[in-house]
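Taking it in order: structure first as C-alpha cells, then the write-up.
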Amino acid sequence: RTRQAPPAPAAPAPAAARTSRPVRVADFIDHYRLMSADSDFRFSEEFEELKHVGREQPCSAADLPVNRPKNRFTNILPYDHSRYKLQPVDDEEGSDYINANYVPGHNSPREFIVTQGPLHCTRDDFWRMCWESGSRAIVMLTRCVEKGREKCDRYWPYDTRPVYYGDIAVTALNESRYPDWTVTELMLCRGAEQRVLKHFHFTTWPDFGVPDPPTTLARFVRAFRERCPADARPVVVHCSAGVGRSGTFITLDTALQQLAAHADCLDVFGMVHAMRRERVWMVQTEQQYICIHQCLVAVLEGQDLAAPP
Ligand SMILES: CNC(=O)[C@H](Cc1ccc(NS(=O)(=O)O)cc1)NC(=O)[C@H](Cc1ccc(O)cc1)NC(=O)OC(C)(C)C
104 RTRQAPPAPA
114 APAPAAARTS
124 RPVRVADFID
134 HYRLMSADSD
144 FRFSEEFEEL
154 KHVGREQPCS
164 AADLPVNRPK
174 NRFTNILPYD
184 HSRYKLQPVD
194 DEEGSDYINA
204 NYVPGHNSPR
214 EFIVTQGPLH
224 CTRDDFWRMC
234 WESGSRAIVM
244 LTRCVEKGRE
254 KCDRYWPYDT
264 RPVYYGDIAV
274 TALNESRYPD
284 WTVTELMLCR
294 GAEQRVLKHF
304 HFTTWPDFGV
314 PDPPTTLARF
324 VRAFRERCPA
334 DARPVVVHCS
344 AGVGRSGTFI
354 TLDTALQQLA
364 AHADCLDVFG
374 MVHAMRRERV
384 WMVQTEQQYI
394 CIHQCLVAVL
404 EGQDLAAPP
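At position 300 of the sequence shown the residue is numbered 403 (the working numbering), and the sequence of numbers has no breaks.
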C-alpha cells in the first residue's frame, strides 16, 4: 500500500495588517532617528502601510447627483458611516449633506468635524453645520487663494459689518494677527440666540507641504489649545480638501495632549490609521507624516515652542 504524503501545512495566514505601532516616549527621539535614516526609508515604509486604510467604505450620499456639486474635489468624498448630517430641510433631497466627517481626537471619538474648504454654494451649509453642531471653534489651515487657485471660499466677513449666511448672521468682533496665524472672534446670531465662536486661521501652510519651519505647527497647536474653549463641543477643522493639512493638525494636537497627560507611549501610526477609517487620506503626504514626528521630537527635546502672547 503506498503511503500518502502528509498534507502540506496550511499556508500561514497573511500577517494581519497592523492598526497600531506604539513607541515609548523615552525611546521616541531614537525612534525618529532610526525611521529617518537612509532618506526616511522606514518612514516611507510605514506611511505606505496606511495607503488603503478605510478605502472599502461607501460614500453613497456624496455620490447622489443632487450632492455632487457640493464636493470641492471628485476624489475627496465623505464616508457614509461617519459623515456629519445637517438637519434635513422639509423633504428636500440632499438637504442633510455636507462634505464633512466626525474624526476622533484625544478627548472624544467625535472631537472634530473635518470638512473641505467651503464652496460659495456650500457656505450656508457650512455655517448651518457650525451652528447645529454647537461648535465654538473653527480651525482653518489654508488660504482662500494659493498660487492663483481658489482653495476655499471667503466664508466669513471682511470687516465688522454683520453678514447673513442663510438665516445665520455672522459678525467679526475682534481680530488678533500674528506672523503665521490670525485669531478672530465671531458672533453668530440665529433667531433670538447668540453665541461666540473663535476662528483660528493658519495662513502660511502650503498645500501638499509642511510649515516652514515645521515646528511652527506645534506653536499653532499650542496657541489653539490655550485659546480654544475648554468644552466637549466639536471643533470644526478644514483646509482645502479637508484631508492633508487637517489630518496633520489633528494628529499633532492629539499627540501633544497625550504628552501633556504623561502618556508612556505615542502611537502616531495608530492615530492616523484610526482617522483614515473616518475620513479619506487624513495626513496626505509622507512629509506631513514626518512633520508630526519632527514637532514631537522638538517638544521632547524641550525646544522653546511658546505661542506668541
Ligand atoms: C492631489 N490632489 C488631489 O487629490 C485633489 C484633492 C486634494 C487633496 C488634498 C489637498 N490638500 S489639503 O487636504 O491639505 O487641502 C488638496 C486637494 N484632487 C483633484 O485635484 C481632482 C483630480 C484628482 C487628483 C488626484 C486623484 O488621485 C484623483 C483626482 N480634481 C478635481 O476634483 O477637479 C475639480 C476640482 C475640477 C472637480
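Just so it is clear, CB atoms sit at the ideal spot from N, CA and C, and this is done for glycine as well.
- [ ] State yes or no: is the C-beta of residue 310 within less than 8 Å of the C-beta of residue 343?
- [x] Contact flag set, yes.
Open item on the list: Going by DSSP in three states, residue 381 sits in which element: helix, strand or coil?
Closed with: In the structure shown, residue 381 sits in a helix (DSSP, three-state: H, G or I).
Open item on the list: Measuring only from the beta carbon, is residue 313 closer than 7 Å to any heavy atom that is part of ligand 1?
Closed with: Not under cutoff, so the answer is no.
Task: Separation of residue 141 from residue 335, as counted between CA atoms - done: About 43 Å.
Task: residue 177 CB to nearest heavy atom of ligand 1 below 7 Å - done: Residue 177: yes, Cβ under 7 Å from ligand 1.
- [ ] Please report the Cβ distance between residue 98 and residue 301, rounded to the nearest whole angstrom; I am assuming they are in contact, meaning their Cβ atoms lie under 8 Å.
- [x] Because residue 98 is not part of the residues shown, which for the chain are 104 to 412, the question remains open.
Task: Contact check, residue 357 vs residue 394, beta carbons under 8 Å - done: Cβ atoms of residue 357 and residue 394: not closer than 8 Å.
Task: Cβ neighbours of residue 167 in the same chain (closer than 7 Å, five flanking residues each side left out) - done: If the five residues before and after residue 167 are omitted, its C-beta is found closer than 7 Å to the C-beta atoms of 197, all from its own chain and listed in chain order.
- [ ] Quick one: grab the DSSP three-state call for residue 297.
- [x] Assignment of residue 297 by DSSP, reduced to helix, strand and coil, places it in the strand class.
Task: Helix, strand or coil at residue 275 according to DSSP, with G and I counted as helix - done: Three-state DSSP puts residue 275 in a strand.
TODO: Take the Cβ of residue 203 as the centre, count every other Cβ of all protein chains shown within 10 Å, and call the residue buried at 16 or more, exposed below.
DONE: Residue 203 is buried by the Cβ-count criterion.
TODO: For residue 128, I'd like the list of residues in its chain whose CB is within less than 8 Å of its CB, leaving aside the five on either flank, ordered along the chain.
DONE: Counting only Cβ-Cβ distances below 8 Å, and skipping sequence neighbours, we find 362, 366, 367, 368, 369, 403.
Task: 3 or more residues per run - each beta strand (DSSP E) lying fully within the region 310 to 388 - done: For the region 310 to 388, whole beta strand (DSSP E) runs of length 3 or above, ordered along the chain, are 338 to 341.
- [ ] Name, in chain order, the residues that DSSP records as bridge partners for residue 254.
- [x] According to DSSP, residue pairing for residue 254 in a beta bridge does not occur.
Task: residue 342 CB to nearest heavy atom of ligand 1 below 7 Å - done: For ligand 1, at least one heavy atom lies less than 7 Å from the Cβ of residue 342.
- [ ] Go ahead and pull the three-state DSSP assignment for residue 173.
- [x] Collapsing the DSSP output to three states places residue 173 in a helix.
TODO: Classify residue 341 as buried or exposed, calling it buried when 16 or more other Cβ atoms lie within 10 Å of its own Cβ.
DONE: Looking at its Cβ environment, which holds 16 or more other Cβ atoms inside 10 Å, residue 341 is buried.
Task: Cβ shell of residue 346 (< 7 Å), same chain only, five flanking positions each side left out - done: Beyond the five residues adjoining it in sequence on each side, residue 346 comes within less than 7 Å, by CB distance, of 179, 382, 383, 384, 385, 387 in the same chain, given in chain order.
Task: Collapsed DSSP secondary structure at residue 235 in the structure displayed - done: Looking at residue 235 - three-state DSSP - the assignment turns out to be helix.
Open item on the list: Suppose contacts are defined by Cβ-Cβ distances below 8 Å. Is residue 232 in contact with residue 304 by that definition?
Closed with: No.
- [ ] Evaluate contact between the region 275 to 295 and the region 208 to 226, counting only Cβ atoms and requiring at least three cross-stretch pairs below 8 Å.
- [x] No, the region 275 to 295 does not touch the region 208 to 226.
Task: Nearest-angstrom Cα separation, counted from residue 360 out to residue 284 - done: So the alpha carbons of these two residues sit roughly 21 Å apart.
Task: Three-state secondary structure assigned by DSSP to residue 195 - done: In the structure shown, the three-state DSSP call for residue 195 is coil.
Open item on the list: At the level of alpha carbons, what is the spacing between residue 326 and residue 288?
Closed with: Computed Cα separation, rounded: 14 Å.
Task: ligand 1 heavy atom lying under 7 Å from the CB of residue 386 - done: No, Cβ of residue 386 sits at least 7 Å from all heavy atoms of ligand 1.
- [ ] With hydrogens ignored, establish whether the beta-carbon of residue 245 is closer than 7 Å to any heavy atom of ligand 1.
- [x] Yes - ligand 1 has a heavy atom lying nearer than 7 Å to the Cβ of residue 245.
Open item on the list: On a Cα-Cα basis, can you pick out the residue from 396, 408, 409 that is closest to residue 138?
Closed with: Looking only at 396, 408, 409, the smallest Cα-Cα distance to residue 138 is reached by 396.
- [ ] Determine the contact status of residue 379 and residue 126, defining contact as a CB-CB distance below 8 Å.
- [x] Contact: no.
Open item on the list: For residue 280 and residue 194, what's the separation of their Cα atoms in angstroms?
Closed with: So the two alpha carbons sit approximately 43 Å from each other.
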